[in-house]
Amino acid sequence: MNYVLDFTPVLDGLPDLLVGCLGTLLLALGGMAIAIVIGIGGVVLRDSRYKAVRWAVKGFVELIRNTPFLVQIYFIYFALPLAGMRLDPTPTAILALGINGGAYAIEIIRGGVQSISRGQVEAGLALGLHKGLVFRLIVLKPALRAVFPSLASQFILLTLTTSVASAISAFELTSVAQRIESESFRSFEVFGTITLLYLGISWLMMSFFSTISARFFSYPVK
Amino acid sequence: MTKHAVLAGAATTEPMIVMAAVEKWYGGFRALADINLTVRRGERIVLCGPSGSGKSTLIRCINHLEAYQKGEIRVGGTRLGDDGRSIEAVRREVGMVFQHFNLFPHMTVLENCMLAPMRALKLGRREAEATARGLLERVRILEQADKYPAQLSGGQQQRVAIARALCMRPSVMLFDEPTSALDPEMVKEVLDTMIALAGEGMTMICVTHEMGFARQVADRVIFMAEGSIVEEAPPDTFFTQPRHERTRKFLGEILRPH
Chain X
6 MNYVLDFTPV LDGLPDLLVG CLGTLLLALG GMAIAIVIGI GGVVLRDSRY KAVRWAVKGF
66 VELIRNTPFL VQIYFIYFAL PLAGMRLDPT PTAILALGIN GGAYAIEIIR GGVQSISRGQ
126 VEAGLALGLH KGLVFRLIVL KPALRAVFPS LASQFILLTL TTSVASAISA FELTSVAQRI
186 ESESFRSFEV FGTITLLYLG ISWLMMSFFS TISARFFSYP VK
Chain U
14 MTKHAVLAGA ATTEPMIVMA AVEKWYGGFR ALADINLTVR RGERIVLCGP SGSGKSTLIR
74 CINHLEAYQK GEIRVGGTRL GDDGRSIEAV RREVGMVFQH FNLFPHMTVL ENCMLAPMRA
134 LKLGRREAEA TARGLLERVR ILEQADKYPA QLSGGQQQRV AIARALCMRP SVMLFDEPTS
194 ALDPEMVKEV LDTMIALAGE GMTMICVTHE MGFARQVADR VIFMAEGSIV EEAPPDTFFT
254 QPRHERTRKF LGEILRPH
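The listed protein sequences derive, respectively, from chains X and U.
Here the first sequence stands for residues 6 to 227, where the numbers follow our numbering.
Here the second sequence stands for residues 14 to 271, where the numbers follow our numbering.
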């Protein structure tokens with residue numbers, strides 16, 4: 006068993022791999038953007054005055070959190086055309102990641118909203134602000150601050166989950182790696198390299214999140 | 014002190030708040046029973062009573078932080094119903110100061126004061142800021158305008174909360190145990206602010222156990238127990254000749270030298 010390392014295919018494919026990294030970042034950032042919108046919107050609807058709406062949100066969260074992401078992304082990819090919507094693999098992947106991340110974000114942000122004292126809401130109402138404004142201007146930011154670490158780690162997970170999108174051949178790092186591997190059979194070298202690249206992407210995301218935290222959530226608390 | 018001596022009689026005859034046969038239930042528990050109360054414009058009321066007697070609930074009904082089930086509440090010309098329109102109209106007329114200040118932690122002092130005027134009254138930024146600075150000056154805390162609530166002491170936070178409520182130019186101010194959460198050395202600065210406000214003719218209802226404050230500024234002291242108004246009288250009469258046994262017992266408890 007003498008395995009001789011040969012990084013030539015990796016080096017030749019490096020430009021492609023780096024572009025693949027950008028693809029991964031695009032999927033991750035797009036997915037996060039959708040997830041945060043679903044997360045905040047879901048929290049609002051979760052407290053809707055209409056029972057049907059509350060149950061719809063609950064059902065959505067249950068469905069997404071208790072089924073595999075791979076199945077979800079296949080379902081969206083193959084079911085949407087039946088409903089007359091044809092999306093390319095990459096937009097489909099962004100949508101699937103957003104929906105999946107959104108379900109988790111709903112639960113996380115909800116925890117943050119519940120951590121805000123009733124007195125904050127009452128102060129806003131007593132000042133003549135209506136419920137929607139109280140949520141948007143008074144509750145939301147401290148709630149997001151309270152759960153930001155959980156939200157950030159959920160979004161790191163979302164970033165890494167982008168590799169599943171290779172199953173529908175969306176453009177991202179893992180699919181680039183699979184192509185190079187199938188042309189060169191240098192599995193160890195290729196997947197070893199992208200392991201490190203994913204690590205770098207995660208670190209990049211983490212520093213992105215600490216920048217956001219420092220920018221928006223740095224107000225002093227007791 | 015002479016300034017406050019002229020306070021008595023500042024109230025007009027115009028009714029500002031009218032509560033008629035108001036009842037409030039929490040499930041099977043009656044929190045307010047047959048509350049009849051008229052507060053005239055410029056009048057200063059102190060509400061006291063043992064804990065659980067319904068005094069906070071009463072003032073929280075006035076700005077509909079609590080819904081009531083029977084009777085009627087009128088503030089200014091507005092009948093307070095269950096509809097958002099009358100509730101918001103009343104809330105714009107009525108300022109409230111809470112026991113735990115409830116300043117918004119993610120906004121500076123100035124932003125706390127500008128938020129509602131800009132969003133609820135649709136004032137421009139410049140006008141809202143001028144109002145806010147003026148009122149922060151009045152509660153003598155303008156120099157802290159750019160700080161965050163967590164950077165202030167309790168007494169300072171409560172003065173900001175008073176300024177924030179005043180920025181809406183309310184006709185009535187409700188105080189819900191404004192000094193109860195404060196360290197003793199900070200009580201005075203908040204009371205002084207409230208006394209000054211009373212001196213300017215503000216209509217005020219204060220839930221408080223600060224009997225010195227009641228003596229100094231109240232036109233009427235109202236004593237509540239078990240959700241009902243037991244006794245009401247001008248402070249002189251209230252403290253020296255309480256009519257009801259329940260009142261005497263309460264005064265005995267809180268005025269007892271420590």
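Built from N, CA and C at the ideal position, the CB exists for glycine as well.
At the 7 Å Cβ level, is residue i part of the contact set with chain X, yes or no?
i               : result
A163 of chain U : yes
N125 of chain U : no
R132 of chain U : yes
R138 of chain U : no
F117 of chain U : yes
M109 of chain U : yes
R105 of chain U : yes
E156 of chain U : no
E101 of chain U : yes
A44 of chain U  : no
A129 of chain U : yes
H113 of chain U : yes
Is there a Cβ from chain U that is less than 7 Å from the Cβ of residue i?
i               : result
Q1 of chain X   : A query on residue 1 of chain X cannot be resolved here, the shown segment of chain X reaching from 6 to 227 and no further.
L145 of chain X : no
A131 of chain X : yes
L134 of chain X : yes
A151 of chain X : no
L100 of chain X : no
F128 of chain X : It is worth fixing the name first, because residue 128 of chain X is Ala in this sequence and not Phe. Answer yes: the Cβ-Cβ gap between A128 of chain X and chain U drops below 7 Å somewhere.
L138 of chain X : yes
P73 of chain X  : no
K227 of chain X : yes
D124 of chain X : As written in the sequence, residue 124 of chain X is Gly, which differs from the Asp given in the question. It does: the Cβ of G124 of chain X has a partner Cβ on chain U nearer than 7 Å.
Y55 of chain X  : no
Going along the chain, which residues of its own chain have a beta-carbon closer than 6 Å to the beta-carbon of residue i, five neighbours each way excluded?
i               : result
L148 of chain U : A176, L179, C180
R104 of chain U : N76
A157 of chain X : F214
D39 of chain X  : According to the sequence shown, residue 39 of chain X is Ile rather than Asp. Result list for I39 of chain X: G103, in chain order.
K83 of chain U  : E36
F114 of chain U : Q170, Q171, A174
S215 of chain U : According to the sequence shown, residue 215 of chain U is Met rather than Ser. So the qualifying residues of the chain are M186.
Y109 of chain X : Q159
A21 of chain U  : Residue placement at A21 of chain U cannot be trusted, given a pLDDT of 48 that sits under 50; what the coordinates show is reported in the next sentence. Counting only Cβ-Cβ distances below 6 Å, and skipping sequence neighbours, we find nothing.
V31 of chain U  : T51, R87
Taking just the CA atoms, how far does residue j sit from residue i?
i               : j               : result
N71 of chain X  : M29 of chain U  : 57 Å
L102 of chain X : G47 of chain X  : 16 Å
A128 of chain X : L162 of chain X : 37 Å
V173 of chain U : V122 of chain U : 7 Å
E188 of chain X : T179 of chain X : 14 Å
L132 of chain X : A57 of chain X  : 31 Å
P255 of chain U : D232 of chain U : 16 Å
L136 of chain U : P183 of chain U : 15 Å
V110 of chain U : M186 of chain U : 8 Å
F190 of chain X : F12 of chain X  : 11 Å
I45 of chain X  : L128 of chain U : 22 Å
V234 of chain U : E85 of chain U  : 22 Å
G265 of chain U : K227 of chain X : 37 Å
P147 of chain X : G89 of chain X  : 41 Å
F252 of chain U : F188 of chain U : 21 Å
G64 of chain X  : R115 of chain X : 15 Å
T151 of chain X : C26 of chain X  : Contrary to the premise, residue 151 of chain X reads as Ala rather than Thr in this sequence. So the alpha carbons of these two residues sit roughly 31 Å apart.
H119 of chain U : D159 of chain U : 12 Å
Report the CB separation of residue i from residue j in whole angstroms; it is logged as a contact under 8 Å.
i               : j               : result
G240 of chain U : S64 of chain U  : Rounded, the Cβ-Cβ distance is 13 Å, inconsistent with contact.
I173 of chain X : P94 of chain X  : 5 Å
L143 of chain X : Q125 of chain X : Reading the sequence as shown, one finds Ile at residue 143 of chain X and not Leu. Going by Cβ atoms, the distance from I143 of chain X to Q125 of chain X rounds to 6 Å, so yes, they are a contact pair.
G62 of chain U  : M207 of chain U : Actually they are not in contact, since the Cβ atoms of G62 of chain U and M207 of chain U sit about 19 Å apart, beyond 8 Å.
D95 of chain U  : A80 of chain U  : 7 Å
V169 of chain X : L92 of chain X  : Not quite, the Cβ-Cβ distance comes to about 17 Å (not below 8 Å), so this is no contact.
I111 of chain X : Q159 of chain X : I111 of chain X to Q159 of chain X, Cβ: 11 Å. No contact.
L22 of chain X  : L209 of chain X : Not really, about 15 Å apart at Cβ, beyond 8 Å.
R228 of chain U : P247 of chain U : Actually they are not in contact, since the Cβ atoms of R228 of chain U and P247 of chain U sit about 10 Å apart, beyond 8 Å.
Which residues in the same chain as residue i place their Cβ atom closer than 8 Å to its Cβ, once the five residues preceding and following it in sequence are excluded?
i               : result
T91 of chain U  : S99, A102, V103, E106
P197 of chain U : none
Looking only at its chain, what residues have a beta carbon closer than 7 Å to the beta carbon of residue i, apart from the 5 residues adjacent to it on each side?
i               : result
K16 of chain U  : Residue placement at K16 of chain U is flagged as unreliable, the pLDDT there being 40, under the threshold of 50; the coordinate-derived value follows with that caveat. For K16 of chain U, where only same-chain residues beyond five positions count, the Cβ hits under 7 Å are G212.
S166 of chain U : M199
R57 of chain U  : A211, M217, V230, A231, D232
Kindly examine the ligand COA and report whether one of its heavy atoms sits closer than 6 Å to the Cβ of residue i.
i               : result
E177 of chain X : What this structure holds is no ligand at all, so the ligand COA is not there to describe.
> Which residues, in chain order, does the segment 55-86 of chain U contribute to contact with chain X at a C-beta distance below 7 Å?
Replying inline: N76, L78
> Can you list, in chain order, the residues of the segment 180-191 of chain U whose Cβ is nearer than 7 Å to any Cβ on chain B?
Replying inline: Annotation note: the requested chain B is absent from the structure, which comprises protein chains X and U.
>> Along the segment 201-214 of chain U, where does the CB come closer than 9 Å to a CB of chain X? Name the residues.
In response: Here the close residues number zero.
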